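Okay, structure first, notes after.
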Amino acid sequence: MREFIHQQRQAQDYDEYLRQKVEAGRASMEAGRGRSNDDVEAAFAARRAQASGHE
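Taking this note's numbering, the leading residue of the sequence shown gets 845, the next gets one more, and so forth.
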């Protein structure tokens, strides 16, 4: 039973952590500090190309 309670607390702690991360991300996007998925994909595609020598 103690293990179950411990697991439930861990799950609640993780849910709260995740909620805070999502909230911070949303606030960052609203403040104009975020990047779109397309921007991130393009940046990493360029990095992969550079790393493999196919600039």
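The beta-carbon is built from N, C-alpha and C at its ideal position, and this holds for glycine as well. Bear in mind the structure is a predicted one, so any value in this text is a computation, not a measurement.
Exercise for the section: Determine the direct distance from the alpha carbon of residue 869 to that of residue 882, and round the result to whole angstroms. Expected result: For the purposes of this step, residue 882 is identified with residue 38 of the sequence shown, where counting begins at 1. For the purposes of this step, residue 869 is identified with residue 25 of the sequence shown, where counting begins at 1. Residue 882 and residue 869: Cα-Cα distance of roughly 17 angstroms.
Handout entry: Bounding residues of the alpha helix (DSSP H) (the contiguous stretch that carries residue 869)
Key = Taking the first residue of the sequence shown as position 1, residue 869 is located at position 25. Start and end: 846 to 874.
Handout entry: Whole-angstrom distance between residue 880 and residue 897, CA atom to CA atom
Key = Your numbering for residue 897 matches position 53 in the sequence shown. Your numbering for residue 880 matches position 36 in the sequence shown. Cα to Cα, residue 897 sits roughly 26 angstroms from residue 880.
Exercise for the section: Measure the alpha-carbon distance for residue 863 versus residue 856 and round it to whole angstroms. Expected result: As a working mapping, residue 863 is identified with position 19 in the sequence shown. As a working mapping, residue 856 is identified with position 12 in the sequence shown. Distance between the alpha carbons of residue 863 and residue 856: 10 angstroms.
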